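Quick note: the sequence shown uses numbering that gives the first Met the number 0, first residue 0, plus one each step.
Glycine included, each C-beta is placed from N, C-alpha and C at the ideal position.
Here the structure is a predicted model, which means the values were calculated and not measured.
The structure appears below as structure tokens.
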Amino acid sequence: MLSDANINNKSEISAGEERVLKDLISALKNKTAAHAYIIEGSGGASRLRCAQTAACSAVCRNIGTDLLPCMKCTDCLKVISGEHTDIKIIYPEKESGKARAEIKVDTVRNLRKDAYIMPAECDWHIYIISESEKMNVNAQNALLKILEEPPENTVFFLLAPSKELLLPTVVSRAQCHTLGKSSTEEIYNIYKEKFPGITADTLKRAAKIQSIFDKIELDESEIKTVNSAYDTVRSFFSEKQPLTEEYLPQGKDELFTVICVMAAAARDIAVSKKDSGAELFIFENEKDFEKAKNNISLRRAIEIYEAFSRAAERLQTAGNVSSILAELFTSVRK
Ligand SMILES: [Zn+2]
0 MLSDANINNK
10 SEISAGEERV
20 LKDLISALKN
30 KTAAHAYIIE
40 GSGGASRLRC
50 AQTAACSAVC
60 RNIGTDLLPC
70 MKCTDCLKVI
80 SGEHTDIKII
90 YPEKESGKAR
100 AEIKVDTVRN
110 LRKDAYIMPA
120 ECDWHIYIIS
130 ESEKMNVNAQ
140 NALLKILEEP
150 PENTVFFLLA
160 PSKELLLPTV
170 VSRAQCHTLG
180 KSSTEEIYNI
190 YKEKFPGITA
200 DTLKRAAKIQ
210 SIFDKIELDE
220 SEIKTVNSAY
230 DTVRSFFSEK
240 QPLTEEYLPQ
250 GKDELFTVIC
260 VMAAAARDIA
270 VSKKDSGAEL
280 FIFENEKDFE
290 KAKNNISLRR
300 AIEIYEAFSR
310 AAERLQTAGN
320 VSSILAELFT
330 SVRK
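Right, dumping it as structure tokens:
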């Protein structure tokens, strides 16, 4: 079962998820929803967050001006914890002695019985089938029967790494949404609307950072940090200054941004060593970039990229800051 730890936090929603959510939420709101949606791509936690957030929008008492549900009211929490009468989440189950967890035909048949009863607390019956690729063939055929004569007000969310993992007959009855990385331009446009007070150059830089690390969305103070992170990039990569704590901000969020920028700078060096025409995400000053490129080998650039990416990931999962930095310093000082 996937962890629900981050689901009731709206700030975890990525730009890619938000785009899919807008479609799903407006279809539920306008009562034009299809009977089945496939949500494919990205990671399992992202797919589940997307489906649960859409489902919450059908019951939430505090829909925000961004049209997203609050994820905090009693009704949202019931959905997230899987306790809502009308909104159910189905996970594969593993039988003892069997190697693989499955979603079985009986589970789907039970959904069918359930779906024909009128929803009790909201307008919809919503069934989220997590890891729907783990429905065996009989289960998928049972689902197909429901989709051929769908009970009114019923919506299935079928979550899978790729729709190719489901029977084509099931796919043909569903609308498919693909989660994935958002383009720099899409992110820039979202930022421009949200932060009209920040200059276009800064927002463009922030959008580039976010497009590399799709799971994050930067807030205003983090975006402002993106600019100051450039000094750290120049001193470490171009001027060969050793990385020490004095170059890094104290606050965890700002530290996270600087580390993402550093990872992206190492990425710039690595890709341009392979392809001199590659698009750069961080370096804008040619002189600084030439210096940095001459200072670092391809292998080293990759090592540094990995060290910063690992630190960024660990910072997001509430790791201990000083131990994360200690590990990072050891890896980049080699
Ligand atoms: Zn709510």
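Euclidean distance between Cα positions of residue i and residue j
i: P118; j: D85; result: 6 Å
i: E120; j: I301; result: 53 Å
i: L1; j: L27; result: Bear in mind that the predicted position of L1 carries a pLDDT of just 38, short of 50, making it unreliable; the figure below should be weighed with that in mind. Going from the Cα of L1 to the Cα of L27 covers about 25 Å.
i: Y187; j: L217; result: 11 Å
i: A325; j: E312; result: 15 Å
i: A4; j: Q315; result: A caution first: A4 carries a pLDDT of 41, below 50, which makes its placement in the model unreliable, though a value can still be read off. Looking at the two C-alpha atoms, the distance is approximately 12 Å.
i: K193; j: K290; result: 36 Å
i: A54; j: H124; result: 9 Å
i: A141; j: I295; result: 58 Å
i: R298; j: F236; result: 14 Å
i: E253; j: K207; result: 17 Å
i: L164; j: D22; result: 23 Å
i: N293; j: K239; result: 11 Å
i: C59; j: D122; result: 12 Å
i: T329; j: T243; result: 11 Å
i: R318; j: I116; result: The amino acid occupying residue 318 in the given sequence is Gly; Arg does not appear at that position. So the two alpha carbons sit approximately 46 Å from each other.
i: Y304; j: N61; result: 41 Å
Sequence-distant residues of its chain with Cβ nearer than 6 Å to residue i (five each side left out)
i: Y126; result: K87, L110 and F155
i: A277; result: V270 and S271
i: F282; result: D267 and F288
i: Y246; result: T231
Helix, strand or coil at residue i [DSSP, three-state]
i: K87; result: strand
i: Q249; result: coil
i: M117; result: coil
i: I62; result: coil
i: L334; result: This structure gives no information on residue 334, because the portion of the chain shown stretches from 0 to 333.
i: M70; result: coil
i: A205; result: helix
i: L1; result: In this predicted model, L1 has a pLDDT of only 38, less than 50, meaning its place in the structure is not dependable enough to derive any value.
i: A295; result: The displayed chain sequence assigns Ile, not Ala, to residue 295. Reduced to three states, the DSSP call for I295 is coil.
i: E326; result: helix
i: P316; result: In the sequence as displayed, the identity of residue 316 is Thr instead of Pro. T316 falls in the coil class under three-state DSSP.
i: E130; result: coil
i: Q174; result: strand
i: E17; result: helix
i: I125; result: strand
i: E192; result: helix
i: A35; result: strand
Heavy atom of ligand 1 within 7 Å of residue i beta-carbon
i: D74; result: yes
i: R60; result: yes
i: C121; result: no
i: K71; result: yes
i: C175; result: no
i: P68; result: yes
i: C55; result: yes
Residues near residue i by beta carbon distance below 8 Å, same chain, minus five either side
i: F307; result: I258, C259, M261, A262, A265, L327 and V331
i: I323; result: A310, R313 and L314
i: G81; result: K87 and I88
i: V320; result: K251, L254 and L314
i: L143; result: L166, T168, V169 and R172
i: T201; result: I222, K223, V225 and N226
Cutoff 7 Å; reference residue i; Cβ partners in own chain excluding five residues on either side
i: P91; result: A100, E101, I102, E130 and K133
i: H34; result: L146, P149, T153, V154 and F155
i: K9; result: L67 and M70
i: R46; result: I38, L158 and L178
i: K333; result: none
i: A114; result: H124, I145, P150 and T153
8 Å Cβ cutoff, residue i in contact with chain C
i: Q139; result: No chain C is present in this structure, which holds just one protein chain.
(message) Under 8 Å, with one C-beta from each stretch per pair, do the stretch 46-53 and the stretch 66-82 reach the 3-pair mark?
(response) yes
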